[in-house]
C-alpha cells in the first residue's frame, strides 16, 4: 500500500465503491475524515467471556468455535436463514442467527474459530446473538495474536453504513493509523501543555484502539479541542480581516430623518433599545465597519432598533438594505416600516415629509414593472431603504451608496450570502445581523464568533403574557374544546392562527380559488423542516408508515365542517401562493377581515397583528423548541393575553418532553439551551448557516464541559491570530484551516 497522508482521498485506502459509500452516507472523503469518525461506544472484553455467564442486553465479545451450522427457508419472505451454534472450551453454547444466510454460510462452518461481537438477546429459552460482527482466525498463530490483542484492548464499535460494518471500519482505521506517514499536529505545543492536552497522534490511538486501562475520553477531549480551535481560528481571522477594512464613517446628522422619526414614535423606547441604539450610532460613525449580531426575545423590539440604525445611515447620505428569508416576511417588513415612517416614507411625493425617503421592495416573483421600479430606485439612490429576499444579492442589483446591511433571521442565511450583499457597497458597508431565536453562548461563540453581540431582553410596555398548553389530539373532547376556545376568542373580536406543518394539496379544499405561483422561497426551500421524532424506528418497524402530516388545505376543510366555527371567516396562507395573494391575505388579516388564518410556518417571524390572541399548532411534535417559541410569539402582541395550544397525536417520549418544556416557560434563552440539549448539532447549526465546514462533529454545544472547551479554544485561537494573522509560523494549523474552508467553499458551490 502507498504511503498515505491525512489529505489522501479514501480511494487510496479502500475500493471505489466503498469510498463512494463512505462519502455518501458519512461525509468521509479523506483519511483525516476517517480519523475524525469516532466510535459510538466500546466493548470492554477484559478476560474473554465465559458463555455460561452471559445476560440478555449485555454487549459482549466472545471467542468461540462453530459447533453446528444450518440453513432453512423463511416462512414469510424469500431467502434462507442461517442458525449457528458456537461453543467455548467448557462445553457452553450460544446461538448465532442471521436472517440472511448470504455471505455467511460459506464462512461459518463447523470447526472454525473466531470472535463474535454483539448484544445478547433471547429466543425462547436460549440466548442468542443476532447478526453479530465476527472475525474468523486464519490459522492458530494468527488466532492467538488476535485473542491476545482483544484480551488487552477495548473494542471500538462504529455506526455501520450499508455493507461497511463496524468490523470493516475498525480495520480501515487501523490500516490508516499504521500507514499514515505523519499525524498532523495543528495545536502549538505551548497551548497543548497549558491546557493539559495529549498529542493528536496519542489522541487518535486512545479513540480508535484504546487499551483496556486507557480512557478514550482523553482522546475525544483532544479532538473536541481541535475542532473548536480550528473553528475559532477561522473566526479570529475573519474578525482580524474585518478590523483591517476601512469603511465610510456615517456621522449622525442632527435634525434629520432619525430625529423626525423619534419625535413621532407613539411609544417610549425601552432602556435596552436606547442603549443599543447608542452603540449602533457610535459604530456607524467609525471607519471600521460594524459587524454586530442583535439577538432578542420574541417581540423585544429589534425591528425598531434596526430601523433607527437604517435612518441614521440615510441621514449620513447612504442607503440601507434589509435582507429577509421569505417573501411573506419581506412584505411584512416593507409594510411595517412604511407604516411606522408614515409621511417620512413618502420622500419626493406630494404630502411627503421634507426629510422623507422611499422604501422599496424587491422579491423574486414581483411583476416586471414593480421589479424595474425597485431596481431603479436602489441604483439611483431614490430609495433610502430597500427590503428584499435573496433577490437582493443577484448580480444585477446595484446601489448608489450602500451604507448598512441588515440581515433578518441570520440562521436562514449563510456567511456567503451576507458577504454577497456587502460587496454591493462602494466601500465595505456596516453589517447588522438580527435573530429572534435566542442563541446559547456556545452557538454564539461558534457560529457568530466573528461578530460583536448585543442582546435585547426587555419587552416593550403593552406586551401581554402568553399561556401555553399541550392538547392531546387522541382525545376528541380536547380537540372539540380547542376549536371552541378559538370560536370564543373570535366572538370577543379577536383573531387566531392555526399552524400546520405542510401545505398539502389544494384539491383537499375545493373552491378555495387561491392563485398559486412557482415561487418556492418559503416552505419548499426547507424553512419548515420538521423534526425526526424520537430517532430511528425500533428494529423490525423501519417500514412502518409515517404519520400523515396535516396540510393547510385539509385543515381548512376540517375547520369549515366544525360546528363551533360556523360563520367564522377562514383563509389560508403559505409560501406557494401568488405574491399578490399572499400580500392581500396578510393585509386582510391585519385589517381584521379574516378571523382565523390557517398557515404554514411563513408566519413564524416578523408577522405583527396585535389583535391575534390565540394560536393552535397542529402536529406540534413535528416542530423544534425554538420554532414553537417563535410561532407563539405571533400572539399576545397587544393588550390581549395570548393563548397557544400545542396539538399533538401519538407523540413519542422525546417529542412530549419538548412540548412540555415549551409549555413550562416563555423564556427564550432557557428554551434555546433546552433545544440545544435535545437536537442534533447539525440541526442547530445547519448547512445554511456557515457550510459543512462550520458544523460540528465532536462538540455537544449544550454541555457545560464542552462550552468550556470552546471558550478555552477561543481564547487561545484569538491570541495566536493576533500575533500571527497569516499563520505563517503554524503551517499545520494553516493546513487544517484550509481544509475546513475548502469544505465551506465546496458546500457553497454545490448550493450555488
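Numbering (full-length UniProt numbering), first residue to last: 1 to 752.
Beta carbons are placed, not taken as given, at the ideal position from N, Cα and C, and that holds for glycine.
Predicted, not measured: the structure shown is a model, and the values here were computed from it.
Inset, instruction - Could you check what DSSP says for residue 98 in three-state terms: helix, strand or coil? - result: strand
Inset, instruction - Using alpha carbons as the reference points, say which of 203, 155, 722 lies closest to residue 177. - result: 203
Legend entry - Reduced DSSP category for residue 215 - H, G, I as helix; E, B as strand; rest coil: coil
Legend entry - Buried or exposed (CB count within 10 angstroms, at least 16 for buried), residue 200: buried
Legend entry - Cβ-based burial, residue 375 [other Cβ within 10 Å; buried from 16]: buried
Inset, instruction - Identify whether residue 526 lies in helix, strand or coil by the three-state DSSP scheme. - result: Residue placement at residue 526 is poorly supported in this model, since its pLDDT is 32, which falls under 50; the coordinates still yield a value, given next. It is coil, neither helix nor strand.
Legend entry - Whole-angstrom distance between residue 488 and residue 494, CA atom to CA atom: 9 Å
Legend entry - Closer than 9 Å to chain C by CB, residue 301: Among the chains of the structure shown, chain C does not appear; only one protein chain is present.
Legend entry - Paired residues, beta bridge with residue 115 - DSSP: 63, 135
Legend entry - Simplified DSSP state of residue 282, which is helix, strand or coil: helix
Inset, instruction - Give me the Cβ distance between residue 336 and residue 303, rounded to the nearest whole Å; I'm assuming they're in contact under 8 Å. - result: 7 Å
Legend entry - Beta-carbon proximity of residue 397 to residue 333, cut-off 9 Å: no
Legend entry - Proximity winner among 190, 662, 492, 306, relative to residue 631 (alpha-carbon distances): 662
Inset, instruction - Could you tell me which of 182, 278, 718, 173 sits nearest to residue 229, measuring between CA atoms? - result: 718
Legend entry - Collapsed DSSP secondary structure at residue 156 in the structure displayed: strand
Legend entry - Segment limits, beta strand (DSSP E) that includes residue 292: 291–296
Legend entry - Residue nearest to residue 641 in terms of C-alpha spacing, selected from 625, 102, 615: 615
Inset, instruction - Compute every distance between the C-beta of residue 731 and the non-hydrogen atoms of the ligand SAM, then say whether any falls below 8 Å. - result: For the ligand SAM, the structure offers nothing, since it holds no ligand at all.
Legend entry - Length-filtered (3 minimum) beta strand (DSSP E) runs lying within the stretch 387–413: 402–408
Legend entry - Residues of its chain near residue 40, where Cβ-Cβ distance is below 8 Å and the 5 sequence neighbours each way are ignored: 157, 158, 159
Legend entry - Nearest candidate by alpha-carbon position, reference residue 135, set 91, 115, 33, 150: 115
Legend entry - Spatially closest choice to residue 73 from 658, 43, 625, 82, by CA coordinates: 82
Inset, instruction - Take the Cβ of residue 707 as the centre, count every other Cβ of all protein chains shown within 10 Å, and call the residue buried at 16 or more, exposed below. - result: buried
Inset, instruction - Closer than 6 Å by C-beta to residue 391: which residues in its own chain qualify, once you throw out the five before and the five after it? Chain order, please. - result: 362, 363, 364
Inset, instruction - With a threshold of 16 other CB atoms inside 10 Å of the CB of residue 182, please say whether the residue is buried or exposed. - result: exposed
Inset, instruction - Taking only the alpha-carbon atoms, compute the straight-line gap between residue 764 and residue 306 and give it to the nearest angstrom. - result: Nothing about residue 764 can be reported from this structure: the residues present for the chain run from 1 to 752 only.
Legend entry - First and last residue of the uninterrupted alpha helix (DSSP H) at residue 555: 552–560
Legend entry - residue 496 in three-state terms, based on DSSP: strand
Inset, instruction - Evaluate contact between the stretch 205–215 and the stretch 713–733, counting only Cβ atoms and requiring at least three cross-stretch pairs below 8 Å. - result: no
Inset, instruction - Indicate whether residue 323 and residue 417 have their beta-carbon atoms separated by less than 9 Å. - result: yes
Inset, instruction - Assign residue 77 to one of three DSSP states: helix, strand, or coil. - result: coil
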